[in-house]
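In this note's numbering, the protein residues as written are 299 to 595.
Note that CB positions come from ideal geometry on N, CA and C, so glycine has one too.
Small disclaimer: the values here were computed from a predicted structure and weren't measured.
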């Protein structure tokens, strides 16, 4: 039950990242937003991980530096640069449409790399939750999704889905406590990001009050809490089952948009109920045990 709550909260915070990030990148740009949020996150994560998990950082980094660095490149650098880059070309809701494909990508890659399997109930729940997302985003006309002209931002979000799936698979097989794993991944990502700061000058002379508030939100909630909640849950339930919850991002993005002054139709509310029921079905049956694969380098 705790893992399910964590997954819901992680995706709620990530939905806010979609909506708020759209405005913040106009002042910071994708690169600096990624760098700032993870510098702030590392300052918090390092002492928290030491306090709660008492890791031996030297031994962990020495033994698992390769998967930890890979996780940083994929989940911290790759996904965030692709996401923020995509928001420069497409709307938050359009990005959420493409993001709804992420669970399917995770299922396919988990089967290919980990030989994970889903029951018929899990598959039905996944399909139902995906249908609910499409129902919301097409205002009840699911067939319209095939008529969409995907732009550069949509394609970048598709690439981000592949990157996130690989990150989730690494998180599942990494024998490192979740907070420590996140901290180490962020550490490696910052080592790789900082040298590029000299080639990407900050795009704005100053940040507005609204931009600063958005930056604080992004640094705290989707950067720290969402990644901690996600990694804790993935290690317990597996990437395929956790991936179904990514459909909630579109639901929460629609709700946040409404709360900020946008319109929310009855069809969207009905679609949200379909998504929630689909997520329940997709995670109701205990996951099938998977083969153990050593990814440590």
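Cβ-Cβ distances below 8 Å link residue 429 to 440, 572 and 576 in the same chain, with the five nearest sequence neighbours on each side left out; the list follows chain order.
Each of 310, 325, 302 and 334 was checked against the Cα of residue 491, and the nearest Cα belongs to 334.
Within the same chain, and ignoring the five residues on either side of residue 322 in sequence, the residues whose Cβ sits closer than 8 Å to its Cβ are 331, 509, 512, 513 and 516. Per the Cβ contact rule, the region 341 to 358 is not in contact with the region 455 to 462 (fewer than 3 Cβ pairs under 8 Å). For residue 518, the closest alpha carbon among the candidates 305, 306 and 314 is that of 314. When only Cα atoms are considered, residue 376 and residue 369 end up about 10 Å apart. Spanning the alpha carbons of residue 364 and residue 354 requires a straight line of approximately 17 Å.
Residue 545 is not a Cβ neighbour of residue 396, given a cutoff of 8 Å. By the Cβ-count criterion, residue 531 is buried, with 16 or more other Cβ atoms from all chains shown falling within 10 Å of its own Cβ.
Exposure of residue 406 is indicated by the presence of fewer than 16 other C-beta atoms within 10 angstroms of its C-beta. A Cβ-Cβ separation of about 7 Å places residue 547 in contact with residue 316 under the 8 Å criterion. Contact between residue 401 and residue 542 is confirmed by a C-beta separation of about 5 Å, below the 8 Å threshold. Note on geometry: alpha-carbon atoms of residue 427 and residue 496 lie some 44 Å from one another.
The beta carbons of residue 527 and residue 304 sit closer together than 8 Å. Residue 483 has its alpha-carbon roughly 22 Å from the corresponding atom of residue 319.
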